[in-house]
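Chains as they are written, first to last, in my numbering: chain A, 39 to 604; chain B, 39 to 604.
Even for Gly, the Cβ is constructed at its ideal location relative to N, Cα and C.
Comments concern the structure below.
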């Protein structure tokens with residue numbers, strides 16, 4: 039049975055989910071539900087620990103890819119603030135492109151079924167053999183909590199990978215491989231056999247970010263590979279291990295299936311000597327997938343040509359609080375989402391717009407000041423118990439984020455009101471963890487420069503507006519100008535909700551309205567929730583739809599007189 | 039019955055044709071087969087003549103679009119070399135963008151069915167009421183023959199329009215409009231209603247070229263409009279009338295259906311004061327469709343960001359002559375295609391590569407020199423009779439082309455051998471027509487600079503190569519370096535054909551092998567033949583596939599707790 043046939047039931051089920059966009063996943067959402075969970079988790083931890091070096095001796099991560107010119111590694115665990123002591127192969131870039139380019143033709147000649155089968159097998163291998171190893175690797179580089187690393191960077195990211203394969207298949211299957219064409223020209227009849235070949239663009243470069251590497255990388259890699267391209271992965275130097283493990287699995291499965299493992303390689307750099315621009319503008323770069331800062335993302339979009347660019351950066355995710363049936367339920371949900379992974383997600387809310395006149399509730403109007411204080415109270419409550427804080431806030435990936443918090447706190451004191459002061463909390467399991475509770479500032483729109491654009495990390499702004507409509511206008515204005523992926527609204531007015539849905543749709547942020555309860559507000563489900571819209575500076579890579587895959591290959595045809603006809 | 043329902047049978051048939059890529063069209067291919075042909079043709083001529091002014095008084099083409107600041111018109115008929123004396127509204131660009139932008143929201147809110155119905159109605163109105171008017175308009179601007187203007191710029195272009203609608207519908211239907219999503223988070227269950235809105239990019243600018251305006255414009259306009267965008271058409275100042283007629287029909291049908299006619303407007307410039315760059319870089323430009331020169335096309339691709347760019351330019355279309363069962367049949371077909379509309383098509387062949395050792399035939403090897411001479415003989419034969427020449431060669435659109443022919447003739451004499459000298463032929467119906475028979479030069483590869491890149495007009499080069507494989511390598515090298523849309527091969531060796539198919543597929547030219555007989559070698563059929571591949575500098579707009587349409591809209595979602603659930 040071919041790999042494609044083995045994985046076809048899952049693919050078929052995924053196709054249905056993509057069509058209907060209901061809830062589905064082939065994977066258990068919680069670590070405890072993984073088959074033989076305890077044993078698997080123990081083995082995963084062990085595998086992770088075997089990667090680690092020590093102060094006595096660095097450990098080399100073997101990747102067996104061509105063009106090696108040295109070893110590089112500068113990862114520091116946000117949980118221990120100690121180096122991981124791992125070195126990864128540093129490769130000569132031209133050699134990687136050369137090897138990737140050479141690997142493409144035979145991969146492109148393989149059938150759609152063969153490519154999809156191998157790629158499903160890669161996802162399956164990560165799930166079966168590397169999921170908990172990956173979980174720890176993500177924790178000790180990106181700094182996520184164990185549960186988030188398992189779900190958001192594990193099974194949810196695998197789901198995004200399958201989803202990309204579904205759309206890649208749909209785009210490729212829209213092109214018939216052959217046709218017979220007959221027409222008369224005057225008295226004579228012409229019969230042609232036509233062949234339509236799917237030709238990949240060439241070599242894709244996939245940039246991954248420090249705080250959330252796999253969720254964007256796996257679908258991007260799947261989209262490029264399924265359509266016949268090769269991929270060079272360029273991880274953020276702070277978060278290499280999750281991608282190094284991924285690249286090694288891709289290479290192993292490709293080789294086992296008889297393909298050239300150089301279809302997937304890794305190009306590494308250091309913070310001091312970045313190679314990003316060089317990779318984007320390399321003459322052999324055909325596709326760039328980028329996740330990272332708005333600034334570099336916009337540079338990529340502008341300078342990638344003739345390569346295609348798919349970007350996911352960040353933005354000012356906004357909240358509009360107009361009215362609520364249960365204000366405290368709304369504020370609790372908002373508080374949880376403001377704390378989730380210390381707001382280091384591209385979907386974390388930041389700018390909370392509230393009418394100066396307050397928020398209507400069944401018990402009367404709650405004043406602007408009280409809304410801010412109650413929200414801060416809910417956040418403070420979540421942070422008050424270290425065990426709970428650890429699960430929700432996890433750690434701060436980069437020391438720069440702490441510096442930003444300090445600076446914003448200082449400015450906020452002068453220009454507004456500090457609703458909540460950031461402070462380290464003590465992680466019960468990792469006493470050396472780099473942590474911080476959120477900073478919350480109350481401001482007027484006169485201080486817009488403070489909150490205009492993404493402020494990466496656990497910081498949010500409660501902003502006084504002239505009215506609910508002004509709140510909506512300010513919020514969607516932020517999205518248009520600085521980018522925005524998600525948006526959150528609480529309102530009991532159907533008219534206002536309808537206006538807000540139109541306004542956010544045209545600004546291009548995905549809107550969640552009146553959600554309370556156990557689901558994190560910014561949870562984005564594969565097969566159901568679209569990601570970036572492409573309508574504002576937050577990027578253009580909507581995971582996953584046809585536009586994400588259909589330009590990654592071209593169609594070359596050949597035609598000749600039908601052989602039976604001559 | 040809605041417009042969509044009225045046109046649904048045609049759309050359904052077109053969907054099938056796109057899936058299977060067989061031969062189909064709802065339109066008669068020859069003018070004589072048009073319903074009540076004689077009467078319709080007479081009326082079309084009359085309608086065309088009513089547009090014309092005279093030396094005594096220019097005629098104004100009413101378009102009733104906003105922002106008019108003056109009148110412009112500098113068209114000269116290639117058939118009479120006299121001005122058409124037509125003035126068109128010159129509009130203030132910002133006003134056009136403003137009006138287009140205002141027209142988008144209600145158009146975007148219309149259902150997919152409503153938009154498709156109106157757009158099918160536009161194509162139908164052109165077919166029923168304007169086809170022969172368009173035929174004459176194309177003749178007296180682009181300079182095509184009557185039959186080509188009817189087919190290539192008439193019904194075939196309408197077919198490309200329908201085809202674009204089929205793919206736009208396919209891409210849009212891939213997004214379900216709503217979904218219900220249920221999942222448990224811990225002990226609680228979350229039920230969400232999700233709405234997925236298709237959001238257009240905004241305002242598209244469609245550049246049309248002097249020699250073949252409608253064939254690219256109509257599908258581009260359909261692709262943008264079907265997905266909810268507005269279109270500003272920027273015709274080449276030498277060929278305005280076909281697009282002015284088109285724009286007026288779009289506006290009329292849109293208004294009749296209750297939509298804002300400013301969804302389609304025209305921005306006009308003069309050769310002396312071009313506005314192309316201003317349009318491409320206008321802050322409100324979201325999409326650019328460009329047909330024209332390689333040089334400006336590459337500028338567009340490089341500078342359109344943040345707008346999307348779809349380009350179709352030109353290139354060095356190549357021929358490889360390796361061996362032939364019936365060499366004269368092959369050479370006759372090649373000769374016809376070299377003459378067709380005086381090789382002013384983006385699909386016309388230019389560089390003919392022949393092994394220096396000659397071409398194998400069942401009657402023995404025909405020497406390189408003899409191949410060139412015989413081919414020139416066939417071309418000369420086609421040009422020898424004015425009536426036949428008029429049908430095939432038609433006219434030369436631009437005086438610049440005659441200057442290029444003179445220059446290349448002069449250089450060719452010095453650096454190679456002139457196989458055929460260009461000369462005006464006398465058009466039987468239009469004695470003042472701007473005409474030229476083709477220039478054919480025999481060269482060695484040492485003179486590559488002479489034929490490297492497109493030489494627009496009736497010029498071809500017969501180039502001596504070291505071997506058949508060298509011929510293939512030279513030819514595909516041209517395509518990679520200078521762009522190429524079509525390619526033509528004659529070979530009796532299946533191995534060589536297979537190699538050529540791979541080589542041209544990877545270079546990105548659409549290959550036609552061993553075709554002889556009545557069909558023009560470069561005939562491209564809607565629903566069956568793909569156009570530009572996107573793999574070389576000839577552009578990226580493959581008419582039509584999913585990549586041509588799927589980025590013209592974005593997906594914005596909103597979600598909220600399911601109403602029954604709370």
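Excluding sequence positions up to five away, which residues of its chain have a Cβ less than 6 Å from the Cβ of residue 604 (chain B)?
-> Confidence at residue 604 (chain B) is low in this model, with a pLDDT of 45, below 50, so the placement of that residue should be treated as unreliable; the coordinate-derived value is given next. Excluding residues up to 5 positions away in sequence, nothing lies with its Cβ nearer than 6 Å to the Cβ of residue 604 (chain B) in the same chain.
By how many angstroms is the C-alpha of residue 132 (chain A) removed from the C-alpha of residue 579 (chain A)?
-> 27 Å
Measure from the alpha carbon of residue 297 (chain B) to the alpha carbon of each residue in B:228, B:279, B:143, then state which is nearest.
-> B:143
Hey, residue 374 (chain A) and residue 116 (chain A): beta-carbon distance below 8 Å or not?
-> no
Taking just the CA atoms, how far does residue 339 (chain B) sit from residue 345 (chain A)?
-> A direct Cα-to-Cα measurement between residue 345 (chain A) and residue 339 (chain B) gives close to 11 Å.
Below-8 Å beta-carbon distance, residue 61 (chain A) vs any chain B residue | yes
Report yes or no: is there a C-beta of chain A within less than 8 Å of the C-beta of residue 599 (chain B)?
-> True, the Cβ-Cβ gap to chain A drops below 8 Å.
C-beta atoms of residue 49 (chain A) and residue 161 (chain A) nearer than 8 Å | no
Taking one C-beta from the region 477-491 of chain B and one from the region 229-238 of chain B each time, how about it: are there three or more such pairs within less than 8 Å?
-> Flag = no, the region 477-491 of chain B and the region 229-238 of chain B do not touch.
When the Cα of residue 166 (chain B) is compared with those of B:278, B:269, B:66, B:40, which residue comes out closest?
-> Here the closest residue by C-alpha is B:66.
For residue 92 (chain A), three-class secondary structure by DSSP = Three-state result, residue 92 (chain A): strand.
First and last residue of the uninterrupted beta strand (DSSP E) at residue 389 (chain B) | 389-393
Specify the secondary structure class of residue 434 (chain B) as computed by DSSP and reduced to three states.
-> coil
Can at least three beta-carbon pairs, one atom from the region 586-601 of chain B and one from the region 358-365 of chain B, be found at a separation below 8 Å?
-> no
Starting from residue 567 (chain A), find everything on chain B with Cβ-Cβ shorter than 9 Å and list it in chain order.
-> 219, 232, 595, 597
Under the DSSP definition of a beta bridge, which residues are partnered with residue 341 (chain B)?
-> Answer is none; residue 341 (chain B) lacks a bridge partner.
Cβ of residue 388 (chain A) within 8 Å of Cβ of residue 474 (chain A)?
-> Result no, Cβ atoms of residue 388 (chain A) and residue 474 (chain A) do not sit closer than 8 Å.
For the region 331-358 of chain A, which residues have a CB atom closer than 8 Å to at least one CB atom of chain B, in sequence order?
-> 339, 340, 343, 344
Could you check which residue in A:222, A:228, A:313, A:219 has the C-alpha nearest to that of residue 244 (chain A)?
-> A:313
Taking C-alpha atoms, which residue in B:376, B:381, B:199, B:291 lies nearest to residue 435 (chain B)?
-> B:381
How about residue 97 (chain B) and residue 123 (chain B): are their beta carbons less than 8 Å apart?
-> yes
Own chain, CB closer than 7 Å to residue 316 (chain B), minus 5 neighbours either side, in chain order = For residue 316 (chain B), where only same-chain residues beyond five positions count, the Cβ hits under 7 Å are 131.
Give a yes or no on whether the C-beta atoms belonging to residue 645 (chain B) and residue 168 (chain B) are separated by under 8 Å.
-> Lying before the first or after the last residue shown, residue 645 (chain B) is absent from chain B, which here runs from 39 to 604.
State the beta-bridge partners of residue 347 (chain A) as determined by DSSP.
-> A:326
Verify the CB distance criterion: does residue 560 (chain A) have a CB-CB separation below 8 Å to chain B?
-> Under the 8 Å criterion on CB atoms, residue 560 (chain A) is classed as non-interfacial with respect to chain B.
Closest by CA to residue 322 (chain A), which one among A:334, A:309, A:284, A:270?
-> A:270
Where do the ends of the alpha helix (DSSP H) carrying residue 140 (chain B) lie?
-> 131-147
Rounded Cβ spacing between residue 412 (chain A) and residue 376 (chain A) (contact assumed at less than 8 Å) | Contact between residue 412 (chain A) and residue 376 (chain A) is absent: CB atoms are separated by about 13 Å, not below the 8 Å threshold.
Figure out for me which residue from B:192, B:218, B:551 has the closest Cα to the Cα of residue 372 (chain B).
-> Minimum Cα-Cα distance from residue 372 (chain B) among the listed residues B:192, B:218, B:551 corresponds to B:551.
Would you mind stating whether residue 490 (chain A) and residue 520 (chain A) have Cβ atoms separated by less than 8 Å?
-> yes
Does residue 208 (chain B) have its Cβ less than 8 Å from a Cβ in chain A?
-> Cβ-Cβ to chain A under 8 Å: yes for residue 208 (chain B).
Nonlocal neighbours in the same chain, by C-beta distance under 8 Å from residue 341 (chain B), ignoring five residues either side | Same-chain partners within the cutoff: 315, 318, 319.
Express the C-alpha separation of residue 189 (chain A) and residue 259 (chain A) in angstroms, rounding to a whole number.
-> Answer to the nearest angstrom: the Cα atoms are 19 Å apart.
Return the first residue and the last residue of the beta strand (DSSP E) that residue 244 (chain B) is part of.
-> Segment 241-246, the beta strand (DSSP E) holding residue 244 (chain B).
So the beta strand (DSSP E) residue 593 (chain B) belongs to, where does it begin and stop?
-> 591-599
Report yes if the C-beta distance between residue 242 (chain B) and residue 325 (chain B) is below 8 Å; otherwise report no.
-> yes
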